[in-house]
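J.: Numbering (our numbering), first residue to last: 15 to 89. Note that beta-carbon positions come from the ideal geometry of N, C-alpha and C, so glycine has one too. Mind having a look at this structure? Questions to follow.
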Amino acid sequence: MPKKSLGLGLVVGGGIIVALFLMFILITPAADAQAMTPMWLGIIWGGLAMCWGLFRLIVGPSSLDHPHGGTDAGS
Numbered sequence: 015m016p017k018k019s020l021g022l023g024l025v026v027g028g029g030i031i032v033a034l035f036l037m038f039i040l041i042t043p044a045a046d047a048q049a050m051t052p053m054w055l056g057i058i059w060g061g062l063a064m065c066w067g068l069f070r071l072i073v074g075p076s077s078l079d080h081p082h083g084g085t086d087a088g089s
C-alpha cells in the first residue's frame, strides 16, 4: 500500500488560497485597500491551512486517524 502524504492537500490548497487572496488585494486599485480589507482573513485562513498541512507532513499519522475516514476517538 503506498504511503499517504498526509497534509499535502492542505499545503497545496492553502497556498492556492493565499495566492488568490493576495493577488486580489495587490491588484485591486483602491485607496488604502491593502491596509484595511477583510480579504486578509482569507490569507490568514490559507496560511493556517498550510501550517496544519506542513505539521501533518512532518509528524505523520495521528492516533485519531481512522483508515476509512473520520476518527476513532469514540470507539
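1) Where do the ends of the alpha helix (DSSP H) carrying residue 64 lie?
2) Taking the Cβ atom as the reference point for each residue, do residue 64 and residue 23 lie within a distance shorter than 8 Å?
3) Would you mind giving the Cβ-Cβ distance between residue 59 and residue 31, rounded to the nearest angstrom? I have them listed as a contact below 8 Å.
4) Identify, in the order they occur along the chain, each residue of the same chain with its Cβ nearer than 7 Å to the Cβ of residue 15, setting aside the five sequence neighbours on each side.
5) According to the neighbour-count rule (16 or more other Cβ atoms, all chains shown, within 10 Å of its Cβ), is residue 74 buried or exposed?
T.: The short version:
1) Counted from its first residue, the sequence shown places residue 64 at position 50. Per DSSP, residue 64 is one residue of the alpha helix (DSSP H) stretching across 54–73.
2) Sequence index remark: in the sequence shown, residue 64 carries index 50 (1-based). Sequence index remark: in the sequence shown, residue 23 carries index 9 (1-based). No, these two residues do not count as a Cβ contact at 8 Å.
3) For the purposes of this step, residue 59 is identified with residue 45 of the sequence shown, where counting begins at 1. For the purposes of this step, residue 31 is identified with residue 17 of the sequence shown, where counting begins at 1. About 7 Å; that satisfies the 8 Å criterion.
4) Within the sequence shown, residue 15 is the residue found at index 1, counting from 1. Low confidence applies here, because residue 15 scores a pLDDT of 46, under 50, leaving its location unreliable and the question unanswered by this model.
5) Locating residue 74 in the sequence shown gives position 60, where the first residue counts as 1. Flag for residue 74 reads exposed.
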